[in-house]
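A.B. asks: Okay, here's the structure, questions in a sec.
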Amino acid sequence: MSEVDIDLFSDLTEEEVRANEARTQHLKSQRLESIEQFSKDPTERTLMQNRLVFRHTYGHASPPPLTVPSLLTTEECQDILSEISLQNSEWLTSRHSAFATTDIPVSSLPNLAVSLPALLHDRLLSRWIAPQFGFHPTRDLAFRDLFIVRYAHDAQRGLQMHTDGCLVSFNVLLNSHTEFEGGGTIFEGVEKPVQIQQGDCVIHDAHLQHGGMEVSSGVRLILVGFVDTVDTITKDNIGRSMAARTM
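Residue numbering for the sequence shown follows the working numbering, starting at 331 and increasing by one per position.
See the structure below:
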């Protein structure tokens, strides 16, 4: 019997298609009924319930990006940039395979590896991101990745449209907007790029298509964070550890 005589992936019949659609709709209805029974207060829901509410709320339509003015002071931004110079840190280009950036992980900077995530957890996760997206302010969220990105007219100028592998993303401008031309974050469905001042922060649903507008002169330095639920981060870390031990 030849290969053309066997069709393991034949099209479903109309009856089977209707049955699958009915099953899918039934599951959606059950999920919605469950969600409607949850407390309206994220602090009274479990982490899993909060994640289900997030997916139900933003699964088909992302909210517009949110700008937080003066998340970091000018002095705090300068301290971060000074730490990069002090450590003579190497800019990496291979940490993100799909949409690579020229970046430095905050975890590699000794004087910031603990203090900066702690500061951002208090000022950003607890006060802004958790309330905005329906999570417990101190229990549910953590940083999947936290890194500093460099865009320059004579190197990586920007970044193409993409989505991030987390729930929520943000970026903070670290240097003065007078030190570069161009730049900013482009969002699908938003007419103009979002351009901010030093210390300001832009928060958005990670599944909202976005990109880095090219710098035409100078250097633009931003702090980027990927935010996810603590359980998924823990599970992924365990999976990577197990995979490393088998190599």
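Don't be surprised by glycine CBs; every beta carbon is placed ideally from N, CA and C.
(1) For the region 548–566 against the region 504–512, do three or more pairs of beta-carbon atoms, one drawn from each stretch, fall closer than 8 Å, so that the two count as touching?
(2) Which residues bound the alpha helix (DSSP H) around H386?
(3) Measuring CB atoms only, is the region 525–543 touching the region 491–499, in the sense that at least three cross pairs come out at less than 8 Å?
(4) Once the 5 residues before and after P435 are set aside, which same chain residues still bring their CB inside 6 Å of it?
(5) Taking all protein chains shown into account, do 16 or more other C-beta atoms lie within 10 angstroms of the C-beta of A460, making it buried, or fewer, making it exposed?
(6) The alpha helix (DSSP H) that contains C407, what's its start and end?
(7) With DSSP run on the structure shown, which of helix, strand or coil describes N567?
(8) Using DSSP with H/G/I as helix, E/B as strand and the rest coil, what is L439?
(9) Taking 6 Å as the limit between beta carbons, can you name the residues of its chain near V398, skipping five residues before and five after?
(10) F368 by DSSP, collapsed to three states: which one?
(11) Quick one, which of M378, E351, E344 and T354 has its alpha-carbon nearest V560's?
(12) Using 10 angstroms around the beta-carbon of N380, count the other beta-carbons present and answer buried if the total reaches 16, otherwise exposed.
(13) Which runs of the alpha helix (DSSP H) at least 4 residues long sit entirely within the region 420–485? Give them in chain order.
(14) Take the Cβ of D566 as the centre, count every other Cβ of all protein chains shown within 10 Å, and call the residue buried at 16 or more, exposed below.
(15) What residues in its chain sit with their C-beta under 6 Å from that of T423, if we drop five residues either side in the sequence?
(16) Could you give the DSSP three-state label for L489: helix, strand or coil?
(17) Identify which residue in E346, V383 and Q417 has its Cα closest to the Cα of S369.
(18) So H466 and P372 are supposed to be a Cβ contact under 8 Å. How far apart are they, rounded?
(19) So the beta strand (DSSP E) N501 belongs to, where does it begin and stop?
(20) Work out the CA separation of G529 and T403 for me, nearest whole Å.
(21) For S547, which beta-bridge partners are listed by DSSP?
(22) So who's on the other strand from H534, going by DSSP bridges?
(23) Just how far apart, CA to CA, sit D484 and S412?
(24) Tell me which same chain residues have a C-beta within less than 7 Å of the C-beta of S456, skipping the five on either side of it?
C.D. replies: Looking at the coordinates:
(1) yes
(2) What you label residue 386 is simply residue 56 of the sequence shown in a count that begins at 1. L377 to Y388 is the span of the alpha helix (DSSP H), which, as asked, contains H386.
(3) Short answer: they touch.
(4) Locating residue 435 in the sequence shown gives position 105, counting from the first residue. Residues F477 of the same chain have their beta carbon placed closer than 6 Å to that of P435, with the five preceding and five following residues left out of the count.
(5) For this step, residue 460 is matched to residue 130 along the sequence shown. Flag for A460 reads buried.
(6) Position 77 of the sequence shown, counted from the first residue, corresponds to residue 407. Looking at the DSSP string, the run of the alpha helix (DSSP H) that includes C407 is T404 to L416.
(7) On the sequence shown, residue 567 is found 237 positions in, with the first residue counted as 1. Helix, per DSSP.
(8) As a first step, residue 439 is located in the sequence shown; it is residue number 109 there, counting from the start. Looking at L439 - three-state DSSP - the assignment turns out to be coil, as it is neither helix nor strand.
(9) The residue labelled residue 398 in the question sits at position 68 within the sequence shown. Excluding sequence neighbours, V398 sits near W458 and C531.
(10) Within the sequence shown, residue 368 is the residue found at index 38, counting from 1. Of the three classes helix, strand and coil, the one that applies to F368 here is coil, per DSSP.
(11) For the purposes of this step, residue 560 is taken as the residue at position 230 of the sequence shown. Out of M378, E351, E344 and T354, M378 has the C-alpha closest to the C-alpha of V560.
(12) Taking the first residue of the sequence shown as position 1, residue 380 is located at position 50. So N380 counts as buried.
(13) As far as the region 420–485 is concerned, its whole alpha helix (DSSP H) runs of at least 4 residues are 445–450 and 460–463.
(14) One-based indexing of the sequence shown puts residue 566 at position 236. D566 should be labelled exposed.
(15) On the sequence shown, residue 423 is found 93 positions in, with the first residue counted as 1. Correct list, in chain order: A430 and T432.
(16) In the sequence shown, counting from the first residue as 1, residue 489 sits at position 159. Residue state, collapsed to three classes: strand.
(17) As a first step, residue 369 must be located in the sequence shown, where it is residue number 39. Cα-wise, what sits closest to S369 is V383.
(18) Sequence index remark: in the sequence shown, residue 466 carries index 136 (1-based). Sequence index remark: in the sequence shown, residue 372 carries index 42 (1-based). Contact flag correct, Cβ pair sits at about 6 Å.
(19) If you number the sequence shown from 1, residue 501 lands on position 171. Run containing N501: V498 to L503, per the beta strand (DSSP E) assignment.
(20) Here residue 403 refers to the residue found at position 73 of the sequence shown. Here residue 529 refers to the residue found at position 199 of the sequence shown. The alpha-carbon atoms of T403 and G529 are separated by roughly 6 Å.
(21) Position 217 of the sequence shown, counted from the first residue, corresponds to residue 547. DSSP lists E511 as partners of S547.
(22) The sequence position of residue 534 within the sequence shown is 204, counting from 1. Answer is S499, bridged to H534.
(23) Mapped onto the sequence shown, residue 484 falls at position 154. Mapped onto the sequence shown, residue 412 falls at position 82. Each residue's Cα considered, the two are about 22 Å apart.
(24) Along the sequence shown, one-based indexing puts residue 456 at 126. Taken in chain order, the residues that qualify are P467 and T468.
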